[in-house]
Structure formats: structure tokens, C-alpha cells
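To start, the structure under review is shown below, and the notes come after it.
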Amino acid sequence: MSLILDHVNYIYGGDTELAVHALRDVNLKIPDGQFIGLIGHTGSGKSTLVQHLNGLIKPTGGAIYFNGEDIHEDDFDKKKLRSKVGLVFQYPEHQLFEIDVFSDVCFGPKNLGLSRKEVELRAYEALKQVGLEDEFFYQSPFDLSGGQKRRVAIAGVLAMKPDILILDEPTAGLDPKGRDEILDRIAMLHKTMGITVILVSHSMEDVAKYVERIIVMNKGRVLYDDMPKEVFKHYKELEQIGLAAPQVTYIMQALKARGLPVNTEVTTIPEARDEILRIYGKHA
Amino acid sequence: MLRDITLGQYYQADSVIHKLDPRVKLIATITFIISLFVVKNAFGYIIAALFLLSAIKLSKVPFRFMVKGMKTIIFLLLITVIFNLFLTPGEALVSVWKLTITKEGLKSAVFMAIRLTFLIIGSSVMTLTTTPNNLTDGMERLMGPLKIFKVPVHEVAMMMSIALRFIPVLLEETDKIMKAQIARGADFESGNLIKKAKSLVPLLVPLFISAFRRANDLAMAMEARCYRGGDHRTKMKPLIYKKRDAFAYFVLLCYLAICIGANLLVIPGVIL
Amino acid sequence: MGIIKTDKLVFEYIRRDEEGNVEGITRAVDEVDLDVAQGDFVAVLGHNGSGKSTLAKHINAILYPSEGTVWVDGMDTAEEKNLWEIRQNAGMVFQNPDNQIIGQVVEEDVGFGPENMGVPTAEIWERVEESLKAVGMYEYRRHSPNKLSGGQKQRVSIAGVIAMHPKCIILDEPTAMLDPNGRKEVIRAVRALNAAENITVVLITHYMEEIIHADKVFVMDQGKVAMEGTPKEIFSRVEELKELRLDVPQITLLAYELQKNGLQIPAGILTTEEFVEALTCL
Numbered sequence: 001m002s003l004i005l006d007h008v009n010y011i012y013g014g015d016t017e018l019a020v021h022a023l024r025d026v027n028l029k030i031p032d033g034q035f036i037g038l039i040g041h042t043g044s045g046k047s048t049l050v051q052h053l054n055g056l057i058k059p060t061g062g063a064i065y066f067n068g069e070d071i072h073e074d075d076f077d078k079k080k081l082r083s084k085v086g087l088v089f090q091y092p093e094h095q096l097f098e099i100d101v102f103s104d105v106c107f108g109p110k111n112l113g114l115s116r117k118e119v120e121l122r123a124y125e126a127l128k129q130v131g132l133e134d135e136f137f138y139q140s141p142f143d144l145s146g147g148q149k150r151r152v153a154i155a156g157v158l159a160m161k162p163d164i165l166i167l168d169e170p171t172a173g174l175d176p177k178g179r180d181e182i183l184d185r186i187a188m189l190h191k192t193m194g195i196t197v198i199l200v201s202h203s204m205e206d207v208a209k210y211v212e213r214i215i216v217m218n219k220g221r222v223l224y225d226d227m228p229k230e231v232f233k234h235y236k237e238l239e240q241i242g243l244a245a246p247q248v249t250y251i252m253q254a255l256k257a258r259g260l261p262v263n264t265e266v267t268t269i270p271e272a273r274d275e276i277l278r279i280y281g282k283h284a
Numbered sequence: 001m002l003r004d005i006t007l008g009q010y011y012q013a014d015s016v017i018h019k020l021d022p023r024v025k026l027i028a029t030i031t032f033i034i035s036l037f038v039v040k041n042a043f044g045y046i047i048a049a050l051f052l053l054s055a056i057k058l059s060k061v062p063f064r065f066m067v068k069g070m071k072t073i074i075f076l077l078l079i080t081v082i083f084n085l086f087l088t089p090g091e092a093l094v095s096v097w098k099l100t101i102t103k104e105g106l107k108s109a110v111f112m113a114i115r116l117t118f119l120i121i122g123s124s125v126m127t128l129t130t131t132p133n134n135l136t137d138g139m140e141r142l143m144g145p146l147k148i149f150k151v152p153v154h155e156v157a158m159m160m161s162i163a164l165r166f167i168p169v170l171l172e173e174t175d176k177i178m179k180a181q182i183a184r185g186a187d188f189e190s191g192n193l194i195k196k197a198k199s200l201v202p203l204l205v206p207l208f209i210s211a212f213r214r215a216n217d218l219a220m221a222m223e224a225r226c227y228r229g230g231d232h233r234t235k236m237k238p239l240i241y242k243k244r245d246a247f248a249y250f251v252l253l254c255y256l257a258i259c260i261g262a263n264l265l266v267i268p269g270v271i272l
Numbered sequence: 001m002g003i004i005k006t007d008k009l010v011f012e013y014i015r016r017d018e019e020g021n022v023e024g025i026t027r028a029v030d031e032v033d034l035d036v037a038q039g040d041f042v043a044v045l046g047h048n049g050s051g052k053s054t055l056a057k058h059i060n061a062i063l064y065p066s067e068g069t070v071w072v073d074g075m076d077t078a079e080e081k082n083l084w085e086i087r088q089n090a091g092m093v094f095q096n097p098d099n100q101i102i103g104q105v106v107e108e109d110v111g112f113g114p115e116n117m118g119v120p121t122a123e124i125w126e127r128v129e130e131s132l133k134a135v136g137m138y139e140y141r142r143h144s145p146n147k148l149s150g151g152q153k154q155r156v157s158i159a160g161v162i163a164m165h166p167k168c169i170i171l172d173e174p175t176a177m178l179d180p181n182g183r184k185e186v187i188r189a190v191r192a193l194n195a196a197e198n199i200t201v202v203l204i205t206h207y208m209e210e211i212i213h214a215d216k217v218f219v220m221d222q223g224k225v226a227m228e229g230t231p232k233e234i235f236s237r238v239e240e241l242k243e244l245r246l247d248v249p250q251i252t253l254l255a256y257e258l259q260k261n262g263l264q265i266p267a268g269i270l271t272t273e274e275f276v277e278a279l280t281c282l
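Protein chains in written order, with this note's numbering: chain A, 1 to 284; chain B, 1 to 272; chain C, 1 to 282.
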């Protein structure tokens, strides 16, 4: 189950002078089971990129292969692709429409033409996966809190049993605890079910904490594609394109500038804590 | 990209017509349309054509933009012409099977085609040279006297202006919700009419909810900024008539006079 | 009495089921006492549903107290005759940048408030110019708001409020829907207004980094003020904040973790400089 993007280009606005080159020669390989962070400032092309991954947008140049098959071949089953590559848009709770939570989550699997029993089983599982309690299943989705709605919407995509789950800023607008809850759930799904996760995020701290690979987009191009440690070494370049490194990186750089022999490659709080304790001769 | 749609079809240029007060343009357009139905002979149409052409020339808007508006009504135009051509009783010119083209039919078909074409191009000149905002302002002022009859003129104008502001936002939103539902396997294209209508529910419900939420937010934001209807309100950009507007009204009056005059002209031997 | 003062403010609303029968009463704001001095930068923290937005809407007289009193610049918000003066003096910026811009052109939107107040045309133009300059959006005055970024839209909204010459502005999660750059833009603009124009600011947020420069912080939970103090005092109570579904800035958290592991670092560290200083002094 892999996705390959081969020299993908996307231009919109036709051939007028207003044409925008949203993606430029993007080459990526997304193998099974990775937890990937996709970062870039607003307008860098990351939203356009994720819509290519499940065939919502057709590239104007290049090709996308899912398990070796070109997804824009005529005989390719797009519906199947969309069930295998789940895409959770920003503010996904805005797409809820059914009279109760459970029916809304059933919408995806029902569209796949599954039996009623299978549909309901999947919806139930998905709601459990996002940690929604049974008491809410038959409430109107519009009566839930913001964090709960968000989880229902994510369950709506999970119920399609995707192999790859793409989330466009799943924590936008939530309070700190709500953010942690959602991200922990996603990390759990990745760990227990082996789903490939692509997390689009503006928070470098979140990215540093969860992902194993970072793709940095800038002006429609892939600027970096590497492990977090390696990518955040380029923190000065990241700043130039309107991004930043996690706060920890700056702290470690500042300590080093003051002559402390710290390893500046650490990116998360626990790592930084251990690193500083190491220097001061104590162990966590 | 849906957000790039500009509503109405305003064409930015620096011309006399652009600078005219929107009220002048509204009245001129209405007068022009009336004149099209007042004139009775070819001279009248020639005068109307000259008037229209000089307005287009002055507006500095490329002619192809004027014709763009025609595309949408080409069908209507054809139907009108065909009906007029075949269904007007009178002196027969050509007769094929059961269909007869009469002299009167031909005449009214040609006149009707000219009228519709001029009407569309004429209103295009107005919409192409006036921002929707300006147009709303103009309408609000022109309809001002209706306030006496309790017509909510200010409210209607405010509604129009808010609609213009939010249509691009809602279009973008529609696109987003549609994509989100397609990502969940929704199918908006295949199936018969009933199935298609049903498939719109997952799109329309979230869209309505969002529109109401926005309306609610906006109402609150407006109140927070001291909005309390049209009374006591001042204008940042009040409409004030300038010299060129007076001159435009004068030209318009002359045009109308000539049109009426043309109706009285009868040249022997010319059937039209 | 400060510019904004509340005395045992309570706001209750009645929950109804689908048939319209009363299900119960929710206290969204529960006996809140606030006193904000002119020129202060005050932050209100709290998780989603803690009552902070409901509180904010009382200051602008969008909501009225069920019990208790709110005064803005000495005027009781419950009195009808004060309504417009209160709304002019306590401007409000909301969360969603798209749902509060009324004009189709940036400058017209900024002029909306003064138009409603009946300000003469020439003065509206002056106010629009100075407000747009104050938030750094003057060069965009003829743009359509639809083509601006989120941060730019919020700055236009702020300009729209300051064109009404308010004594204070209340910002209800103005950065919740923005990216990090947009967030910085907006906070920078707000801080500049507070410093240069001495406008009182009430900033409601759940981004911890945005409040480290505040003069005073209120933390809300279940409609009550749960904590109150300077940012330093608030952020030195890491565990309590976590219980309230909140967080502390990364640097504060790191210092806290080190402290827990035996390093002698003071609590409530807010900046990298402070942190480096504290470590190198060991």
C-alpha cells in the first residue's frame, strides 16, 4: 500500500496571466505505516497537495500511483481510492449533516455499498476509536461540544477504514487539552492499527512530538523531506519561508551560545529535559 | 479558484462612464430600455445604436466583454425570433408546409432581436462600469422617496450589499463541503434526478447551517459596531452629483427627444 | 473604579428540549468580579466552554447580566440609554475573520462603525486612514477583504473597531482560526495599540504564548474566575493549569520539568533569556 507522486505539477487559472503554479515537480513516496508531518505556511501548496493524494484534484502534469496503479487511468476505481486514502479537511465538523451522530458516521461506509450490518459495525468501531462515549451516539451532532464534533467528523472518515489517513490541521480552534486529546488518539491509531498518517500542521511543537518524517512545502515545491531532527537543523531557512523550529530548538541554541555543551538536535520537551539534566549531572 | 469570481462583472478602467454617478447610469439604462420600446421605425433604432455605440466607446471597455452577456440569452433570443417570425399573422412572404413567414412577422422578429440585443448590451455597459457597491448605493438613493410608503429601502440595500460580500465566501464553502463529502465517498453526479436531488442533502444541510451561523455572527458584529438601521447614519462615500452628471442628464434628455422625433418621421416608399 | 468593572456578574440561560420544555438552567458566568484599569492589557484564559466568551459579550452589551452589574467607563450596561455609548467605548473583535467584515472594500469596512455613529464624512476618512495605518493595513485599503489572509482580515477588523475611538477593545479569540504568522501579526498590532494609544485591551485566548506580556491574567473555569494574577504567577502553577484543560508555554514547561527533577530554577519562567540566565547561574 504505497502512494507515489511522480513529477506532479498543478497549475490553475488556465493559460491567462493569472495562472497559479500551485505544485511544482513534486516527487514523493509514501510507504506503509509512516507518521508524516506536512508543513508549510498558508499558500505553500500543502492543501493542494493533500487533495491530490485521494484524487480530488487531478494534476496538470505528472502522475500519482497507488499500489503501482495510476489513479487517473480511466479504469481506476476512484471511490475505492477515497476509501483507502481518508482525508479529514480543516474544521471537518462543518460537514456534519445527519440527524444523529451514528448516522453521520455511517455515511462514508454506506457510500461504499457495504451491507447494513457492516456499515453499522464500522461506524461503531470508528466512534470507539475516537473515544466518543455511547451516550452521545444518538444525539444530534450539532448539540455536541467543539472537540466532540471534531472527533465525530474524524470517525466519519475512519469508518471507511483507510490505510492512509490525512488530517488537515485537526486541532485548529481547540483548547490545549482538546489538541492533545485529538493528537494522542491519532498517534494511538497509528501505533495500534498501523495506519499511515499524514498530519498537516502549523505547530512545530506538535510535529516534533509525534512524527517520524517531515515534508516541508514552499511555493509549491518540496523543500525538505527528512527526519524532524534533520529538518529542524535548517531552522534559519525555515524562518525565511515563514515557518519556525520548535521552541525547544531555540532554547538549546541559546544555551549553546552561552557556552553550554548541549546537543542542539533535540526537539521535544522530554528530550531537552534529559539533555540539560545530563549536563548538570542528574538523571530523570 | 472560486474565490476569484467577481460578482456582477465590473471591468476596471478609467473612463467618463466609470466616473458617472451610479444614479445617472441607472436612470440612463432605464431610459434607454424604454426608448427601445418606444421607437417605431428604423431611424429610431439607428439613433439607439449610435447612442449605445458612443457609450461603449466612451467606457473604454473592450467590446468582447459587452457581447459576453449575450451568450446567456442567445437561446431566449432565438425562441423570440422564431415565434415572431412564424406566428405573426399578415401578408405572406414565404410558405413552406404549414409554416408561413409574413411580412409583419419578419419585421417584428428583426425588431425584437434588435431590442433584446440592445437591452442586454445596454445593461452590460452599466454593470461593467459600476461596482456592485456603487450600484447598490445608487439604488438606495433613487428609491429613497419610497421610504414614505414604508418601503425598507436602506435595509434592502444593506441586504444586497451583504449578499454581494458573502456570495464568494459561500461559493468557496460549497466547494469545500462538496470535496469533503466526496472524500467520504459521496457521489454528486451519477443516478437519476431523484437520486441526484437526494445526494445534495449532505451538501445543502451543512451549507445552510454555515450560512445561518455566519448570519448570526455578522449580525452580532454589526450590532457591536453600533449598527442600528439607516437612521442617524452618515456616509463615508456619499453620492454627490458633479458637473459631468448634469451634462450626462442633458445628453440623455436630447437622446429621448430625438427618439420621439424619429417616430414622427415618415419617408414615403420606405416600408419600415 | 476601572474602565471595566463587573460585580458578582451572573449569566444564566435556560436549556430547552426539542418540544421547548425547560430542561434546566446553565450558569455560563458565575459571580465574576473583574476590575480593569484604563490602559491595562488583560488576558482571559480558559478552555472551550469555560464561559470566557459569554463574559466578553457582556462588556459590549451584547448580553445582559442575569444578576450582578457590569460597568463600562462608569456606565451600567443594563441601562438602555447607555447602549450606544457603551458599544462605541468598548469595541469588540470576534473569532471568525470572515464573519465580521461587512464592507466589500477594506476602507469601507473600517468606515462602517463611524458611519453608524453619524460621524461627518470628512472625519470618517481621517479616522479610516489613521486606523488602517495603526494596524499596518493602509496599503490594502482598496482591496477586497475576500483576498486577504486571515491575519490581515483580523487586522482590518481591529481597525474597524479603533475607527470608533473606543476606550477599550475586547478581542474574543481573535487568533483561534489563524496560522502562526497571522497570530503574531494580530498580537503585535494589539500590543502596539495598547502601548501607543493607551487603549485598554481584554484579550481572550487559549494560546499561552500570547499572554506573557499581559499586565494581568484571569483564568476561567465553569463560569468562575479560577485563577488571577500576573503571567508569571499564573504560569508557575503548571499542574493547576493542566487540570483546567490549559497549558503553559514550552519554555515554562521545560523549566518546570527541570525543577521537578531537582534543578534549582525559579518557577514561572516566561522567556528564553530568563531561562538561560537561570541555568547559567546554577
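All C-beta atoms in this analysis are idealised placements derived from N, C-alpha and C, irrespective of residue type, glycine included.
(1) Note the first and the last residue of the continuous beta strand (DSSP E) segment covering W84/C.
(2) Kindly list, in the order they appear in chain B, the residues whose Cβ is closer than 8 Å to that of V157/A.
(3) Answer with yes or no whether the minimum CB distance from A288/B to chain A is below 9 Å.
(4) Using a beta-carbon distance below 9 Å, is R3/B in contact with chain C?
(5) Which chain C residues sit within Cβ distance under 9 Å of D217/B?
(6) Does the beta carbon of L56/A come closer than 9 Å to any beta carbon on chain B?
(7) Just to make sure I have the definition right: I need the residues of chain B whose C-beta is within less than 8 Å of the C-beta of S115/A. Which are they?
(8) Does L49/A come within less than 9 Å of chain E when only Cβ atoms are used?
(9) Compile a chain-ordered list of the residues in the segment 161–182 of chain C whose CB is closer than 7 Å to at least one CB of chain A.
(10) Chain B beta carbons: is any one of them nearer than 9 Å to that of P176/A?
(11) So the beta strand (DSSP E) H7/A belongs to, where does it begin and stop?
(12) Chain B partners of P59/A, CB-CB under 9 Å?
(13) Between the Cα of F51/B and the Cα atoms of L36/B, M159/B and P202/B, which residue gives the shortest distance?
(14) For the beta strand (DSSP E) that M227/C lies in, which residues bound it at each end?
(15) Exposed or buried, what is H47/C when buried is set at 16 or more other beta-carbons lying within 10 Å of its beta-carbon?
(16) Using 8 Å for Cβ pairs, my map puts K52/C next to I204/C. What's the rounded Cβ distance?
(17) Between K256/A and the rest of its own chain, which residues show a CB-CB distance below 8 Å, the 5 nearest in sequence each way excluded?
(18) Under three-state DSSP, which class holds E113/A?
(19) Anything in chain B within Cβ reach of G150/C, meaning under 7 Å, just list it in chain order.
(20) In the DSSP assignment, find the beta strand (DSSP E) that holds G24/C and state where it starts and stops.
(21) Within 10 angstroms of the Cβ of L53/B, are there 16 or more other Cβ atoms? Answer buried if so, exposed if not.
(22) Shortest alpha-carbon distance to C106/A belongs to which of D70/A, I4/A, A159/A and F136/A?
(23) For L164/B, go through chain C and note every residue whose CB falls closer than 8 Å to its CB, in chain order.
(24) Could you please give the first and the last residue of the uninterrupted alpha helix (DSSP H) stretch that includes F212/B?
(25) Where does R24/A sit, in a helix, a strand or coil, going by DSSP?
(26) Just grab the DSSP bridge partners of V219/C for me.
(27) Suppose the cutoff is 7 Å on Cβ atoms and the five residues either side in sequence are ignored; what does the same chain contact list for S140/A look like?
(28) Could you check whether the Cβ of P145/C sits closer than 9 Å to any Cβ belonging to chain B?
(29) Output, in chain order, the set of chain B residues within a Cβ distance shorter than 8 Å of P92/A.
(30) Grouping DSSP H, G and I as helix and E and B as strand, with all else coil, what is S293/B?
(31) Whole-angstrom Cβ separation of G113/C and R225/B, contact assumed at under 8 Å?
(32) Return the chain-ordered list of same chain residues with a C-beta closer than 8 Å to the C-beta of R228/B, the five sequence neighbours on each side being excluded.
(33) Would you verify that the beta carbon of R82/A is, or is not, closer than 9 Å to some beta carbon of chain B?
(34) Alpha carbons only, please: which of L5/A, Q51/A and S47/A is nearest the one belonging to K219/A?
(35) Taking the alpha-carbon positions, what's the E129/C to K242/B distance?
(36) Along chain C, which residues have their Cβ under 7 Å away from the Cβ of G173/A?
Checking against the coordinates, here is how it stands:
(1) No beta strand (DSSP E) contains W84/C, which is instead part of the alpha helix (DSSP H) from L83 to N89.
(2) A183 and R184
(3) Residue 288/B cannot be examined here, being either before or after the span of chain B that is shown, 1 to 272.
(4) With a pLDDT of 39 at R3/B, under the threshold of 50, the modelled position of this residue cannot be trusted; read the value that follows with caution. Yes - at least one Cβ of chain C is within 9 Å of the one on R3/B.
(5) F94, Q95, N96, D98, N99 and Q100
(6) yes
(7) Ordered by position in chain B, no residue passes the 8 Å Cβ test against S115/A, which lies about 15 Å from the chain.
(8) No chain E appears in this structure, whose protein chains are A, B and C.
(9) A176, M177, D179, P180 and N181
(10) no
(11) L3 to Y12
(12) Within 9 Å Cβ-Cβ: nothing; P59/A doesn't reach chain B, min ~16 Å.
(13) L36/B
(14) K224 to G229
(15) buried
(16) 5 Å
(17) V262 and T264
(18) Before going further, note that residue 113/A is Gly rather than Glu in the sequence given. If DSSP states are grouped into helix, strand and coil, G113/A belongs with coil.
(19) Chain B residues near G150/C: none, gap ~13 Å exceeds 7 Å.
(20) V22 to V36
(21) exposed
(22) A159/A
(23) Q104
(24) V201 to A224
(25) strand
(26) L45/C and M227/C
(27) I99 and D100
(28) yes
(29) A180
(30) Only positions 1 to 272 of chain B appear in this structure, which leaves residue 293/B out of reach.
(31) 4 Å
(32) none
(33) yes
(34) S47/A
(35) 25 Å
(36) A176 and M177
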